[in-house]
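The block underneath contains the structure these notes are about, expressed in structure tokens.
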Amino acid sequence: MGQSNSKHRKKNKTPIQYHAKALEIVQERGDKEHETAAYNGLADAYRFNKQFEKAIGCYQKALEIAQERGDKKREKAAYIGFGHAYKNKSLFDAAIHYYKKALEVTQELGNKEEETVAYNRLAEAYNGLGHACILSNQLQKAIQCYRKALKIAQQGGVKQQETIACNRLGHAYKLDNQIQPAIHYYQKARKIAQEWGDKEQETVGCNWLGDAYRLNSQLQMAIQLCKEFEKAIECYRKALEIALKRGDKKQQKVAYSGFGHVYKYNNLFEEAIHYYKKALEITEELGDKKEGTVAYNGLGEAYRLNSQPQMAIHCYQKAFEIAQECGDKRQETVACNGLGYAYLYNNEFETAIQYYQKAMEIAHKRGDNQLETCNGLGHTYMYNNMFPTAVIYYQRALAMAIEYGHKQQESFAYNGLGHACRLNNQLQKAIQYYHKALEIAQQGGVKQQETVAYSVLGHAYKLNNQFQMAIQSYQKALEIAQESGDKQQETIAYNRLGHAYKLDNQIQSATDYYHKAVETAQECGVKEQETVAYNGLGDAYRLNCQPKMAIRHNHAALEITQVLGSKKQKTVAYNGLGHSYMYDNMFQMAIQNYKKAVEIAKQEGDREQETVAYYALGDIYRLNNQFQTAIRYFEKALEIAHEDEDKEQETVAYNRLGYAHRLNNRLKTAICYYQKALEIAQERGDTQHETVAYNGLGYAYLYNNEFETAIQYYQKALEIAHDCGDNLQETVAYNGLGHAYLLNNKFQTAIQCYQKALKFALEGGDIQQETVAYIGLGHGYRLNDQLQMAIQNYEKAVEIAQQGGDREQETVAYYALGDIYTLNNQFQTAIRYIEKALEIAHEDICLQSKALEIAQERGDTQHETVACNGLGYAYLYNNEFERAIQYYQKAVEVAHEHEDNLQETVAYNGLGHAYMLNIKFQTAIQYYQKALEFAPEGGDKQQETKAVEIAQQGGDEQQETVSYNALRDAYRLNDRFQTATRYHQNTVNIAYERGEEQRATFAHNGLGHAYRLSNKFETAIHHYQIASEIAQQRGDKEQETVAYNGLGHAYRLSNQLETAIQYYRKVLEIVQERGVALEYADRLKTQFTMGIVYHDIEYFEKAVKFESEGVEKLREIQIFIELGKSYRLNKQFEMSFNQYKKAMEIAKEQQSQEEEVIALNGMEETVKGELMFV
């Protein structure tokens, strides 16, 4: 190798030595003519040997002598030599100056043949200058140079340079995204090359023309889309044919790459990969590393677009290595950007950022624009939830795009800014940026970008709950897709319209669009969008109360995903099936599908669908009253949100946890979670979830009987929902306010709130909230003594509940109608409605029986226990106590065998309820206190029942409290007041531990009753006074009245009659002050009792007055029983319990054993109802 180089160097020196010797001779002879020729010859030798400075020196000497002698021919030769030397040094401006001088001299000489050569050289210089401008991204200057080259070539009739100039003009226009001028010049070049027989330039022209047609179809998305691709394919085919005949490997490679580009942009990625591989084979065969880099980059992009990120990374990495080896910084930048994109697609954000930053460094050093890199960094930071950083890079990209006049990249940057703001919940800003992107797309006539802009704009409006605006945007996208004949975009638009109409509760319209999406997807073979459409149809049919149809369509989606291997839509399909089965009350099937969704989502790293499944599993267990399991799933969703730093999902999870804890009667914990959700929502400006949190806090405080606080939170929710146009949350808030005002005995205000809730529910087509509003109005009118209006609203509630398949609300309405007709002495009508409610109860028994049968067939012990407990509960409510006992005993057996503490506790309590309602108090006590085992410590430690023990082991304070309360009542009814007192005290302790003031008041009153019945009047008075103080602080007039009545009784029985009268008067004052129709019974009972007291202290006139008023109404004990029932059905359990208690106490005073038993049953139904509701 070294010897070969030595010979080469020796050979190159020979011409220089020869011309130097010739120069010496002619100088010695004084031969100026040949001295000029010798200098030109020596200069040429130096130039060929790349010693350009020495060459220029010699040309200068030759020029001076030629000018002295007036030798135009030698002067022209010197000028040409100068031009060549400067062109070789890439100093094209200097080269052009000297070529122009040579042309002038040639024209003076009148030598046409030489003039053509001069034109050729000048045109070549301009072409060279144009190429230099392209390499330095001076596209406009390059175009000017090529235009001059073309003009000169045309003037001189130099066809070869004319062809080259046309091809290069086309190339410059293509790089400047001016595709139509590019096509024009490529066609001219091809035509000239064909006329002149220049196969090489014809091949180049065909390849470049193919590029232009491909890019024109990519950018314009016009009606001729398919034709443009066909033209591109035809050009590449022609180029390949010529190149194969000529054996031109380089142009073969160009043609294969062209095919790859065309198929890639036509979304035919497998074909693109095939042709890129062909191109790569040729580059490796030629050993052309630079072109190998280009081929690897193209192949990498095809793999990336074909969702093969690992293969893409491999190809980009190869391109990167070769580019570094060759020092090709441009292709190194392309490879770095490609690697950034591929790692971003693979969710490896840190690695993506490293490659994008590397690309930025190279581009900065070369002075290249960094548009693509800045946009890529914006995408990466955005998907990594680092929205402020993403915005910085998008803004940089935007500034560069505006500076360079690059409209397409400007549109990309605006869209990126819109995405970042949207994901950061800055929806108004996002909408503004999307509108900017849309304007640019419309100005440029770039239909594809216009479609994208309308689509993302629709998405932003949809997230902002502006569904009509979203629908308008999607309609525009659809129109453009239909005009351009783009079936894929048409399918996408149909799917998005379906989703928007679904969110706007226009379910039939949603269904229609999803069906159109299915048809279009099948027509053009876009299976991915067909799957999306089937999943959408599943949602639409489910929301339209057609779960069977929903399941069918979700299964259709699942079948396609199994063929395609599309994990994303497969997970969506499983989640959709879960939703449909849950709606159809097939809970076990729903759970199976949700768990499959979790499994696939975990494998694929699909955190979004994994979270959806966790929420759904939480909901299904919550609906099944398995609150601890529900909470575990909500906590899993919260963990994902924490890990991903996803504040939106964190807010959702906190709200769900608040709801679950509220239903589990853990009100303090619920309030904490709602407060956390509220804080994050306020930080993010997330008004939607802020409203949900406020409504949740309203509910929590409402159930804690803190009505004023509840009202404050509902009003805040209402303000935000109204400002944001969030009809659903506004409806919920009005219904909540109705409940709060109703319980606070402000019936007229409650009615107004329910009416507003009804208005919004009707507008939004929300039948669930509509039913709630009608029932609320029924309660409000009934309590306000407007019985006919109450009946009308209850009947409407029945009608709407039947339409929506809401059996629970239908039952509530039937019972309410039964009660109101009973109060109105229309007993036959009352019986008819109560029988309808009982029919639903029977249906529930049938469903529970079916659930039990399925669970037993499958060996599903968990759901077998749940079903047995459900049947026990259903038969208990239906007063079939023996059947209830059978199922509760079965539940105990299965639960004990499988250590299901929660269900075993429920079953023991259920058995206790059943025996107590069956007037078997001793057996009830045995089941409440099953094993009669003492705690291991013995001594003075209190005895624990089996039910209580299990509840404590499972941390289930709710069941523990129920057990204590039930034991308390059983012992009291069995005249074992000491034991009853102990269980009252346990209830008090738990209430204080949990901060439940309402339950503490109730328990202190209970202790007062127990001690009073045990003739321990002083201790009774102590507890009644505590109860009255807590009730006063909380504004709980109901329990305050109970406490004062208790104090009256206790003082009367201890012969402190004046003090007794003072407390009875307080009762009457509260009753009169509240003016409540339902307090009529309280007033009667107090008046009668006061009559007895006045009689005892010989105030005979007053005694007669009070006793006569009381005796006259005692026949109406049934009123109290019916009131208790009404409160129970309205889930106001403590008020219900007090009404039944009043009835029982009056019945005892009247020695009416039958009515006393009825009242006792009512009390137990209330306790049981509270247990099941919680």
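Residues in the sequence shown are numbered consecutively from 1, following full-length UniProt numbering. Backbone N, C-alpha and C define an ideal beta-carbon position, used for all residues, glycine too. Everything numeric in this text was worked out from a predicted model, so none of it was measured.
Residue interval of the alpha helix (DSSP H) (run including Q67): Translated into the one-based positions of the sequence shown, residue 67 becomes position 67. In the DSSP assignment, Q67 falls within the alpha helix (DSSP H) that extends over 52-69.
Straight-line gap, G738 to E730 (C-alpha atoms, nearest Å): The sequence position of residue 738 within the sequence shown is 738, counting from 1. The sequence position of residue 730 within the sequence shown is 730, counting from 1. Computed Cα separation, rounded: 12 Å.
Residues near A630 by beta carbon distance below 6 Å, same chain, minus five either side: The count along the sequence shown starts at 1 and reaches residue 630 at position 630. Excluding sequence neighbours, A630 sits near G618, Y621, R622, A660.
Length of the line joining the Cα atoms of I80 and A102: Indexing the sequence shown from 1 puts residue 80 at position 80. Indexing the sequence shown from 1 puts residue 102 at position 102. For I80 and A102, the distance between alpha carbons rounds to 6 Å.
Top-ranked residue by Cα proximity to E38, from C58, F48, Q51: Here residue 38 is taken as the residue at index 38 of the sequence shown, counted from 1. Per the sequence shown, residue 38 should be read as Ala rather than Glu. Measuring from the Cα of A38, the nearest candidate turns out to be C58.
Neighbourhood of A773 by C-beta, 7 Å cutoff - its chain only, sequence neighbours within 5 removed: Here the question's residue 773 lines up with position 773 in the sequence shown. Excluding residues within five positions, the ones whose Cβ falls inside 7 Å are N735, Y754, A757, L758, A761.
CA-to-CA distance, T36 to K72, given in whole angstroms: Position 72 of the sequence shown holds residue 72. Position 36 of the sequence shown holds residue 36. Answer to the nearest angstrom: the Cα atoms are 11 Å apart.
Residue interval of the alpha helix (DSSP H) (run including L737): Counting from one through the sequence shown, the residue named residue 737 turns up at place 737. Run containing L737: 727-743, per the alpha helix (DSSP H) assignment.
Top-ranked residue by Cα proximity to R330, from E291, A797, Q310: For the purposes of this step, residue 330 is identified with residue 330 of the sequence shown, where counting begins at 1. Nearest of E291, A797, Q310 to R330, Cα basis: E291.
Segments assigned beta strand (DSSP E), at least 3 residues, entirely inside the stretch 420-457: none
Of the listed residues A460, Y701, Y541, nearest to R422 (C-alpha basis): Taking the sequence shown and counting its residues from 1, the one referred to as residue 422 is at position 422. The candidate whose alpha carbon is nearest that of R422 is A460.
Short Cβ contact (7 Å threshold) for H553 with Y534: Taking the sequence shown and counting its residues from 1, one reaches residue 553 at position 553. Taking the sequence shown and counting its residues from 1, one reaches residue 534 at position 534. Yes.
Within 7 Å, strictly: CB atoms of N695 and A733: One-based indexing of the sequence shown puts residue 695 at position 695. One-based indexing of the sequence shown puts residue 733 at position 733. A contact, by the Cβ cut-off of 7 Å.
Proximity to I480 [Cα-Cα], best of D646, E450, L457, N505: By one-based count along the sequence shown, residue 480 stands at place 480. Among D646, E450, L457, N505, the Cα nearest to that of I480 is on E450.
G41 to E64 span [Cα, whole Å]: Taking the first residue of the sequence shown as 1, we reach residue 41 at position 41. Taking the first residue of the sequence shown as 1, we reach residue 64 at position 64. Annotation: G41 to E64 spans about 15 Å, alpha carbon to alpha carbon.
Backbone secondary structure at E880 - three-state DSSP: Numbered from 1 along the sequence shown, position 880 holds the residue referred to as residue 880. E880: coil per DSSP, three-state reduction.
A710 vs L702 beta-carbon contact at 7 Å: Within the sequence shown, the letter at position 710 stands for residue 710. Within the sequence shown, the letter at position 702 stands for residue 702. Yes, these two residues count as a Cβ contact at 7 Å.
Whole-angstrom distance between D646 and L783, CA atom to CA atom: Here residue 783 corresponds to residue number 783 of the sequence shown, with the count starting at 1. Here residue 646 corresponds to residue number 646 of the sequence shown, with the count starting at 1. Annotation: L783 to D646 spans about 47 Å, alpha carbon to alpha carbon.
Selection from L742, I751, Q688, Y699 that minimises the alpha carbon distance to D723: On the sequence shown, residue 723 is found 723 positions in, with the first residue counted as 1. Of the candidates L742, I751, Q688, Y699, the one whose C-alpha sits nearest the C-alpha of D723 is Q688.
The stretch 1003-1011 / the stretch 661-681 touching (three or more Cβ pairs under 8 Å): Verdict: no, contact absent.
Span separating the alpha-carbon of E949 from that of E904: The count along the sequence shown starts at 1 and reaches residue 949 at position 949. The count along the sequence shown starts at 1 and reaches residue 904 at position 904. Bear in mind that the predicted position of E949 carries a pLDDT of just 42, short of 50, making it unreliable; the figure below should be weighed with that in mind. About 11 Å.
Close Cβ partners of Y673 (< 7 Å) along its chain, the five nearest in sequence each way excluded: For the purposes of this step, residue 673 is taken as the residue at position 673 of the sequence shown. If we look at Y673 and ignore the five residues flanking it on each side, its Cβ neighbours are Y654, L657, G658, H661.
Where G1048 falls, given that 16 or more other Cβ within 10 Å makes a residue buried: By one-based count along the sequence shown, residue 1048 stands at place 1048. Answer is buried; the Cβ neighbour count reaches 16.
Continuous alpha helix (DSSP H) stretch holding L539: start and end: Within the sequence shown, residue 539 is the residue found at index 539, counting from 1. The sequence given here places Asp at residue 539; Leu does not occur at that position. Run containing D539: 527-543, per the alpha helix (DSSP H) assignment.
Proximity below 7 Å, CB of G340 to CB of G378: By 1-based counting over the sequence shown, the position of residue 340 is 340. By 1-based counting over the sequence shown, the position of residue 378 is 378. No; because the gap between Cβ atoms is not below 7 Å, this pair is not in contact.
For T1166, three-class secondary structure by DSSP: Position 1166 of the sequence shown, counted from the first residue, corresponds to residue 1166. Helix, per DSSP.
Length-filtered (4 minimum) alpha helix (DSSP H) runs lying within the stretch 364-415: Those alpha helix (DSSP H) runs which fall completely within the stretch 364-415 and span 4+ residues are 371-383, 387-404.
Sequence ranges, alpha helix (DSSP H) only - wholly within the stretch 229-311, length at least 4: As far as the stretch 229-311 is concerned, its whole alpha helix (DSSP H) runs of at least 4 residues are 249-265, 269-286, 289-305.
Same chain only: Cβ atoms within 6 Å of A670, ignoring 5 sequence neighbours per side: As a first step, residue 670 is located in the sequence shown; it is residue number 670 there, counting from the start. Counting only Cβ-Cβ distances below 6 Å, and skipping sequence neighbours, we find G658, H661, R662, A700.
Proximity of I192 and E234 at Cβ, strictly below 7 Å: Reading the sequence shown from its first residue, position 192 is the one you call residue 192. Reading the sequence shown from its first residue, position 234 is the one you call residue 234. Contact flag unset, no.
Best match in T283, A342, N505 for proximity to A312 [C-alpha to C-alpha]: By one-based count along the sequence shown, residue 312 stands at place 312. Closest option to A312, Cα to Cα, is A342.
Contact under 7 Å by Cβ, Q569 with T520: Counting from one through the sequence shown, the residue named residue 569 turns up at place 569. Counting from one through the sequence shown, the residue named residue 520 turns up at place 520. No. Outside cutoff.
Whether Y394 touches L427 by CB criterion (7 Å): The residue you call residue 394 lines up with position 394 of the sequence shown. The residue you call residue 427 lines up with position 427 of the sequence shown. No; because the gap between Cβ atoms is not below 7 Å, this pair is not in contact.
S473 in three-state terms, based on DSSP: Position 473 of the sequence shown holds residue 473. Assignment of S473 by DSSP, reduced to helix, strand and coil, places it in the helix class.
Burial state of P309 (16 or more Cβ within 10 Å): Here residue 309 refers to the residue found at position 309 when the sequence shown is read from its first residue. The residue in question, P309, is buried, as its Cβ has 16 or more Cβ neighbours within 10 Å.
C-beta atoms of V598 and A613 nearer than 7 Å: In the sequence shown, counting from the first residue as 1, residue 598 sits at position 598. In the sequence shown, counting from the first residue as 1, residue 613 sits at position 613. Contact: yes.
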